[in-house]
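Protein chains in written order, with the working numbering: chain W, 40 to 174; chain X, 40 to 174. Even glycine gets a Cβ: it sits at the ideal position worked out from N, Cα and C.
Number of protein chains: 2
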Amino acid sequence: MERYKQLGIKLTPQRLAILDYLDGNKSHPSAEDIYRAVSKRFPTMSFATVYNTLGSLRYKGRVLELTIDPKKKRYDPDTKHHHHIICIECKNIVDVHKDFKLSIPDALTEGFDLIGNHIEFYGICPKCKKRKKGL
Amino acid sequence: MERYKQLGIKLTPQRLAILDYLDGNKSHPSAEDIYRAVSKRFPTMSFATVYNTLGSLRYKGRVLELTIDPKKKRYDPDTKHHHHIICIECKNIVDVHKDFKLSIPDALTEGFDLIGNHIEFYGICPKCKKRKKGL
DNA sequence: TATCATATTAGAATAATTCTTGTCAAGTCT
DNA sequence: AGACTTGACAAGAATTATTCTAATATGATA
Numbered sequence: 040m041e042r043y044k045q046l047g048i049k050l051t052p053q054r055l056a057i058l059d060y061l062d063g064n065k066s067h068p069s070a071e072d073i074y075r076a077v078s079k080r081f082p083t084m085s086f087a088t089v090y091n092t093l094g095s096l097r098y099k100g101r102v103l104e105l106t107i108d109p110k111k112k113r114y115d116p117d118t119k120h121h122h123h124i125i126c127i128e129c130k131n132i133v134d135v136h137k138d139f140k141l142s143i144p145d146a147l148t149e150g151f152d153l154i155g156n157h158i159e160f161y162g163i164c165p166k167c168k169k170r171k172k173g174l
Numbered sequence: 040m041e042r043y044k045q046l047g048i049k050l051t052p053q054r055l056a057i058l059d060y061l062d063g064n065k066s067h068p069s070a071e072d073i074y075r076a077v078s079k080r081f082p083t084m085s086f087a088t089v090y091n092t093l094g095s096l097r098y099k100g101r102v103l104e105l106t107i108d109p110k111k112k113r114y115d116p117d118t119k120h121h122h123h124i125i126c127i128e129c130k131n132i133v134d135v136h137k138d139f140k141l142s143i144p145d146a147l148t149e150g151f152d153l154i155g156n157h158i159e160f161y162g163i164c165p166k167c168k169k170r171k172k173g174l
């Protein structure tokens, strides 16, 4: 709660509920996931509020927008540099906290100044493995 | 042209035009880019045809769908394993043909069976660098 | 070349996201 | 306290990318 004050954005019950939901959340929720969860407590909550709040939090560096799932954006409250494994079946995403020191030979950068990187690993999650065995 | 026959899909002028446009194309075009380019030659071309053809080509392993640009899907006719640098300003994408042998310690895979990976490097492209200097 | 499965087209439908507008609440200044 | 300003909220319209539908046309093959 104290942490939230440092955000420099106005704190409202809706925003606190969104922050609560995101805090420590490792499920990489979509805007809709957040909306569904938070509107249990705030039935009048609108999507605009979810998107606005995510925008502010992103601007403040408190969440990352993930462009991994082709259907929709997903959000990650863990802003330490890390990578992801995504299940090609169910789109479940898990974190990989490991530093892979990647560097590209200058000859291959096409003149870009490099700023960061993100690795997506593809795989099959344990649940989907089990489910497929069952067939 | 001979190569195309091996695809095992019906060849139509529209599809040939799409294949022509994609062949050797390193711009990572979106469906709309393809539509715009091809409909110059085939003014009655519809988006459905672009999407259908991309679907078939993807199924046949002839193009990859890239989920890098948050606004829209982009397509890559280069199906050899490679990575990308994306300009955070203009979303321009370039290829990085380098093999980074990445491996994750078992303790971090959360039980996933790993199949592949893809690295997104973020940076500023030469054009945007120059443009920003100009300010 | 006649057949038939498949492609094409136009446009409707869907889904995620963004935008607009009117309202309201909190804080500020006098 | 009263009037003002600012920013947030909610509802729904608007936008954009993509998928679906249904009617028609066409390429591949026998």
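Going by other Cβ atoms of all chains shown within 10 Å of its Cβ, with 16 needed for buried, is residue i buried or exposed?
{"i": "X/Arg26", "result": "No answer is possible for residue 26 of chain X: the residues shown for chain X start at 40 and end at 174."}
{"i": "X/Tyr98", "result": "exposed"}
{"i": "W/Leu58", "result": "buried"}
{"i": "W/Pro125", "result": "The sequence as given places Ile at residue 125 of chain W; Pro does not occur at that position. Result: buried."}
Tell me the DSSP bridge mates of residue i?
{"i": "W/Ser69", "result": "W/Arg113"}
{"i": "W/Phe160", "result": "W/Ile124 and X/Asn156"}
{"i": "W/Leu133", "result": "In the sequence on display, residue 133 of chain W carries Val and not Leu. Answer by DSSP bridge pairing, in chain order: W/Ile124."}
{"i": "X/Glu104", "result": "X/Tyr114"}
If you draw a straight line from the C-alpha of residue i to the C-alpha of residue j, how long is it?
{"i": "X/Glu159", "j": "X/Leu55", "result": "31 Å"}
{"i": "W/His157", "j": "W/Thr83", "result": "37 Å"}
{"i": "W/Tyr74", "j": "W/Arg42", "result": "23 Å"}
{"i": "W/Cys164", "j": "X/Leu103", "result": "22 Å"}
{"i": "W/His123", "j": "W/Ser85", "result": "30 Å"}
{"i": "W/Ser78", "j": "W/Ile127", "result": "29 Å"}
{"i": "W/Ala76", "j": "W/Tyr90", "result": "14 Å"}
{"i": "X/Leu61", "j": "W/Tyr161", "result": "25 Å"}
{"i": "W/Lys172", "j": "X/Ile154", "result": "17 Å"}
{"i": "W/Val139", "j": "X/Arg170", "result": "Before going further, note that residue 139 of chain W is Phe rather than Val in the sequence given. Each residue's Cα considered, the two are about 32 Å apart."}
{"i": "X/Lys110", "j": "X/Lys166", "result": "21 Å"}
{"i": "X/Leu96", "j": "X/Phe81", "result": "19 Å"}
{"i": "X/Cys129", "j": "X/Gly63", "result": "22 Å"}
{"i": "X/Lys44", "j": "X/Ala146", "result": "46 Å"}
{"i": "X/Asp72", "j": "W/Leu141", "result": "32 Å"}
{"i": "W/Gln53", "j": "X/Gln53", "result": "51 Å"}
Cα-Cα, which of the options is closest to residue i?
{"i": "W/Thr118", "options": "W/Lys172, W/Gly173, W/Asp59 and W/Lys65", "result": "W/Lys65"}
{"i": "X/Gly100", "options": "X/Asp72, X/His121 and X/Pro116", "result": "X/Pro116"}
{"i": "W/Leu46", "options": "W/Glu128, W/Gly94 and W/Ala87", "result": "W/Gly94"}
{"i": "W/Thr148", "options": "X/Leu103, X/Val77, X/Lys130 and X/Lys137", "result": "X/Lys137"}
{"i": "X/Ala70", "options": "X/Lys168, X/Ala87, X/Cys129 and X/Lys79", "result": "X/Ala87"}
{"i": "X/Pro68", "options": "X/Gln53, X/Lys169, X/Asp108 and X/Thr51", "result": "X/Asp108"}
{"i": "X/Phe151", "options": "W/Val133, W/Ile57, W/Phe151 and W/Arg80", "result": "W/Val133"}
{"i": "X/Thr92", "options": "X/Lys172, X/Thr106 and X/Thr51", "result": "X/Thr51"}
{"i": "X/Lys168", "options": "X/Thr106, X/Ile154 and X/Asn131", "result": "X/Asn131"}
{"i": "X/His121", "options": "X/Lys110, X/Leu105, X/Lys111 and X/Cys129", "result": "X/Leu105"}
Rounded to whole angstroms, how far is the Cβ of residue i from the Cβ of residue j, which I believe are closer than 8 Å?
{"i": "W/Val135", "j": "X/Ile48", "result": "With 8 Å as the limit, W/Val135 and X/Ile48 do not qualify as a contact, their Cβ atoms being about 37 Å apart."}
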